[in-house]
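Okay, structure first, notes after.
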Amino acid sequence: EFSILARAMVATDKELYSKNRLIKEKEKRLLEAQKIAHVGHWELDLQHHILDVSSEIYEILEIKQEESLNLAKLLSYLSLHGRQKLLSIHKKCTPETPTFDIEHHIILPSHEIKYLLESGTVFFDKQGNPTKLKSTILNVTEKKKSELKILQQTHTLDHLAHYDSLTNLPNRLLMHDRLEQAIKKAS
Numbered sequence: 301e302f303s304i305l306a307r308a309m310v311a312t313d314k315e316l317y318s319k320n321r322l323i324k325e326k327e328k329r330l331l332e333a334q335k336i337a338h339v340g341h342w343e344l345d346l347q348h349h350i351l352d353v354s355s356e357i358y359e360i361l362e363i364k365q366e367e368s369l370n371l372a373k374l375l376s377y378l379s380l381h382g383r384q385k386l387l388s389i390h391k392k393c394t395p396e397t398p399t400f401d402i403e404h405h406i407i408l409p410s411h412e413i414k415y416l417l418e419s420g421t422v423f424f425d426k427q428g429n430p431t432k433l434k435s436t437i438l439n440v441t442e443k444k445k446s447e448l449k450i451l452q453q454t455h456t457l458d459h460l461a462h463y464d465s466l467t468n469l470p471n472r473l474l475m476h477d478r479l480e481q482a483i484k485k486a487s
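As structure tokens, this is what we get:
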């Protein structure tokens, strides 16, 4: 009996070790995927005021993981308007519509701006009171910078097409365009 029990315990230990190793490997892959995709997540327990954030949130905020991070510090990266916008969206969530999506930006202590897409869910108790917030944050700074650069280049090209490069006076193309607009408006 003892040897059967001992073999069963060894088999169980091996199985637990194998499952534990598999879980750790999957956690490692998840962290790598979050880093590659620039996606972080955070969770706020509203009843106990406990904030839990992923390592990628620290990367996005450019702070060391040894530093403590609480809700006040997290919100300090938002402008006043950004804080009001985010809190307003959270307040609009109800048990019937608990999810939210928002695009906002943060301002780092170095004055660098980072653009973020945030999607989350507010969890409610049976009485309809919010108990927890869970959110994922996607860092879209590079995409936003590219969009702004394209917009600036488009504006520059439009200006070059419609104004003389030496005198900066309107050229024939702009005059022709404005004349067409005036004719359309008049008719």
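First residue of the sequence shown? That's 301 in the numbering used here, and the numbers climb one at a time after it.
Where a beta carbon is used, it is the ideal one built from N, C-alpha and C, also for glycine.
Any beta carbon from chain C within less than 9 Å of residue i's own beta carbon?
i	result
L369	Given the protein chain composition of this structure (a single chain), no chain C is represented.
What are the start and end residues of the alpha helix (DSSP H) that includes residue i?
i	result
D359	A small fix is needed here, since residue 359 is Glu in this sequence, not Asp. Run containing E359: S355 to L361, per the alpha helix (DSSP H) assignment.
Classify residue i as helix, strand or coil using the three-state DSSP reduction.
i	result
L369	coil
H338	coil
N439	strand
D313	helix
S419	strand
D458	helix
L479	helix
L330	helix
K432	strand
L448	helix
With residue i as the anchor, note down where its beta strand (DSSP E) starts and where it stops.
i	result
H390	First-last for H390: L380 to K392, but that is the alpha helix (DSSP H), not the beta strand (DSSP E).
D401	T399 to I407
Out of the options, state which residue places its alpha-carbon closest to the alpha-carbon of residue i.
i	options	result
K426	L473, K414, E396 and S419	E396
E362	Y377, A482 and Y317	Y377
L337	T436, L457 and P398	Correcting the residue type first, residue 337 is Ala in the shown sequence and not Leu. Looking at the Cα atoms, T436 is the closest of the given residues.
L374	S465, E325, L433 and L351	L351
Check the DSSP bridge columns for residue i and list the partner residues they point to.
i	result
K414	I406
Y463	P470
Across the region 353 to 367 and the region 383 to 390, are there enough close Cβ pairs to call them in contact, namely three or more that are closer than 8 Å? no
Given 8 Å as the limit, is there contact between the region 428 to 446 and the region 410 to 417, that is, 3 or more CB pairs closer than that? yes
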